[in-house]
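Peer 1: Mind looking over this structure? Questions follow.
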Amino acid sequence: CCGHRAVLSPPQLCPALVSSGAPRCQSQPLEDRRRVRMPSIFAYQSSEVDWCESNFQHSELVAEFYNTFSNVTFFIFGPLMIFLMHPYAQKRSRYIYITWILFIVIGLFSMYFHMTLSFLGQMLDEIAILWLLASGYSIWMPRCYFPAFLRESRLQFSLLVIITTVISTFLSFLRPTVNAYALNSIAAHILYIVVQEYKKTSNKELRHTIEVSVVLWAFALTSWVSDRLLCSFWQRISFFYLHSIWHVLISITFPYGMVTMALVDARYEMPGQTLKVRYWPRETWPVGLPYVEVIDDKSC
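Counting the sequence shown from 1 gives a position; the working numbering is that position plus 4.
Right, dumping it as structure tokens:
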């Protein structure tokens, strides 16, 4: 139900000319036929994942047109957040730039995946998401949530996360479900921390960013799940855009999530300084892109 796939025609496995009295076609073993039919990881539609949008409707080169070009928001918000968060990154950690570079890379790999529906595109897209979560996890995870054996050492925690992510990356090519387990594990732990911090804080800005992040994420997840599970319904009413909507919503959710983690982190890592949430392009607009401004408590 999820899109129209091109059917690979089986290769010719027997010679056109056969000797007199011999069978016209000699079947090859099943294992050999599978080996012949196996597509390249670069090939169009070599991924087992296909979304609800019909394929090759607008271009012979682009499998999913709207799912491909809806990733443009990553290329808009990524550089913009690098600029807006620059003063904060200078005071907290320059490794924060890595998260936004990975955010842009996700947009690039997602475009490639939806353009080709190739297995390589799928892996690059999913692995980039894993590295983005791992980088944010390493930078902003409060030390009080570290495993006891690390003794609140951020360096050791970061090395542990990097080693685990590298292993997961290599295993993903052998068994793609490994990446899903790694992604869900990090996401679940981040969600647990956010819930715990929400219960502890009386900071109105932090509570607001958490609430907005959760609402945006819920809408984004609903779009993703609906596209996967209710595809036949959406195709009947010719509405193929839910996964495209997921791209736009999740690209807005991440800046809110990053600001949320920055506010949580500041409680533990930036004593004597206060983070003030600002919104681009204007504070007075009902919707804006959040970022943080660092205020020295001595100047208040």
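Heads up, the beta-carbon is just placed ideally off N, CA and C, and yes, glycines get one too.
Is there contact between the region 243 to 251 and the region 270 to 279, where contact requires at least three CB pairs shorter than 8 Å?
Peer 2: No contact exists between the region 243 to 251 and the region 270 to 279.
Peer 1: Below 8 Å on the Cβ atoms is my contact criterion, and I expect Tyr272 with Pro146 to pass it. Report the Cβ-Cβ distance as a whole number of Å.
Peer 2: Correct: roughly 5 Å between the Cβ atoms.
Peer 1: Can you have a look at Arg96 and say buried or exposed, based on whether 16 or more other CB atoms are within 10 angstroms of its CB?
Peer 2: By the 10 Å Cβ count, Arg96 comes out buried.
Peer 1: Leaving out five residues on either side along the sequence, give the residues of the same chain with a beta carbon under 7 Å from the beta carbon of Ile131.
Peer 2: Closer than 7 Å at Cβ, skipping near neighbours: Thr173, Ser176, Asn183.
Peer 1: Taking 7 Å as the line, does the beta carbon of Gly140 fall inside it for any heavy atom of the ligand SAH?
Peer 2: No copy of the ligand SAH appears in this structure; indeed no ligand is present at all.
Peer 1: Thinking Pro83 and Glu297 are a contact (beta carbons under 8 Å), I'd like their distance in whole angstroms, please.
Peer 2: So it is not a contact: roughly 19 Å between Cβ atoms.
Peer 1: On the DSSP bridge list, what partners appear for Gln277?
Peer 2: Asp300.
Peer 1: Thinking just about the alpha-carbon of each residue, which of Phe123, Val76, Val170, Ser122 is nearest to the one in Ile108?
Peer 2: Nearest C-alpha to Ile108: Val76.
Peer 1: Out of Ile194, Ser44, Leu220, Asn188, which one is the CA nearest neighbour of Gly140?
Peer 2: Comparing Cα-Cα distances from Gly140 to each of Ile194, Ser44, Leu220, Asn188, the minimum goes to Ile194.
Peer 1: Extract the residue ranges of the alpha helix (DSSP H) inside the region 81 to 107, only unbroken runs of 4 or more that lie entirely within it.
Peer 2: For the region 81 to 107, whole alpha helix (DSSP H) runs of length 4 or above, ordered along the chain, are 90 to 96.
Peer 1: Going by other Cβ atoms of all chains shown within 10 Å of its Cβ, with 16 needed for buried, is Phe244 buried or exposed?
Peer 2: Phe244 comes out buried.
Peer 1: Could you tell me which residues DSSP puts in a beta bridge with Pro43?
Peer 2: In DSSP, Pro43 forms no bridge with anything.
Peer 1: Tell me which residue opens and which closes the alpha helix (DSSP H) that Trp238 is part of.
Peer 2: Looking at the DSSP string, the run of the alpha helix (DSSP H) that includes Trp238 is 235 to 240.
Peer 1: Can you look up Pro259 in the DSSP assignment and give me helix, strand or coil?
Peer 2: The answer is helix: DSSP assigns Pro259 an H, G or I state.
Peer 1: Just the C-alpha distance for Leu293 and Leu233, rounded to the nearest angstrom, thanks.
Peer 2: If you take the alpha carbons of Leu293 and Leu233, they lie about 31 Å apart.
Peer 1: Thinking C-beta only, is Ser114 closer than 8 Å to Ser50?
Peer 2: The answer is no: Cβ separation not under 8 Å.
Peer 1: Would you check if the distance between the CB atom of Pro290 and the CB atom of Phe81 is smaller than 8 Å?
Peer 2: No, Cβ-Cβ distance for Pro290 and Phe81 is not below 8 Å.
Peer 1: Would you identify the three-state DSSP class for Leu121, choosing helix, strand or coil?
Peer 2: DSSP places Leu121 in coil when its eight states are reduced to three.
Peer 1: Looking at the structure shown, is Arg232 part of a helix, part of a strand, or coil, going by DSSP?
Peer 2: In the structure shown, Arg232 sits in a helix (DSSP, three-state: H, G or I).
Peer 1: Of all the options His212, Ile197, Met85, Leu124, which has the alpha carbon lying nearest to the alpha carbon of Leu178?
Peer 2: That would be Leu124, whose Cα lies nearest to the Cα of Leu178.
Peer 1: Please identify the residue among Val165, Trp135, Leu128, Thr120 whose C-alpha is closest to the C-alpha of Trp104.
Peer 2: For Trp104, the nearest C-alpha among the options comes from Trp135.
Peer 1: Taking the alpha carbon of Asp301 as the reference point, which residue from Lys280, Tyr295, Ile167 has its own alpha carbon closest?
Peer 2: For Asp301, the nearest C-alpha among the options comes from Lys280.
Peer 1: Which partner residues of Arg305 appear in the DSSP bridge assignment?
Peer 2: Here the chain has residues from 5 to 304 only, and residue 305 is not among them.
Peer 1: Quick check: Phe117 and Leu128, are their CB atoms within less than 8 Å of each other?
Peer 2: Yes. Within cutoff.
Peer 1: First and last residue of the alpha helix (DSSP H) that includes Tyr245?
Peer 2: Looking at the DSSP string, Tyr245 is not in any alpha helix (DSSP H), and its letter there is neither H nor E.
Peer 1: Tell me whether Phe69 is buried or exposed, calling it buried when 16 or more other Cβ atoms sit within 10 Å of its Cβ.
Peer 2: Under this definition Phe69 is a buried residue.
Peer 1: Can you give me the C-alpha to C-alpha distance between Thr205 and Leu246, rounded to a whole angstrom?
Peer 2: Using only the alpha carbons, I get a separation of about 35 Å.
Peer 1: Which residues bound the alpha helix (DSSP H) around Tyr70?
Peer 2: Run containing Tyr70: 69 to 73, per the alpha helix (DSSP H) assignment.
Peer 1: Report the option in Gln160, Tyr196, Ile167 whose CA atom is closest to the CA atom of Val268.
Peer 2: Among Gln160, Tyr196, Ile167, the Cα nearest to that of Val268 belongs to Tyr196.
Peer 1: If the criterion is Cβ atoms closer than 8 Å, does the pair Ile190 and Tyr202 meet it?
Peer 2: No; because the gap between Cβ atoms is not below 8 Å, this pair is not in contact.
Peer 1: Of the residues Ala138, Gln126, Met119, Pro180, which one's Cα is nearest the Cα of Ile100?
Peer 2: It is Ala138 whose Cα lies nearest to the Cα of Ile100.
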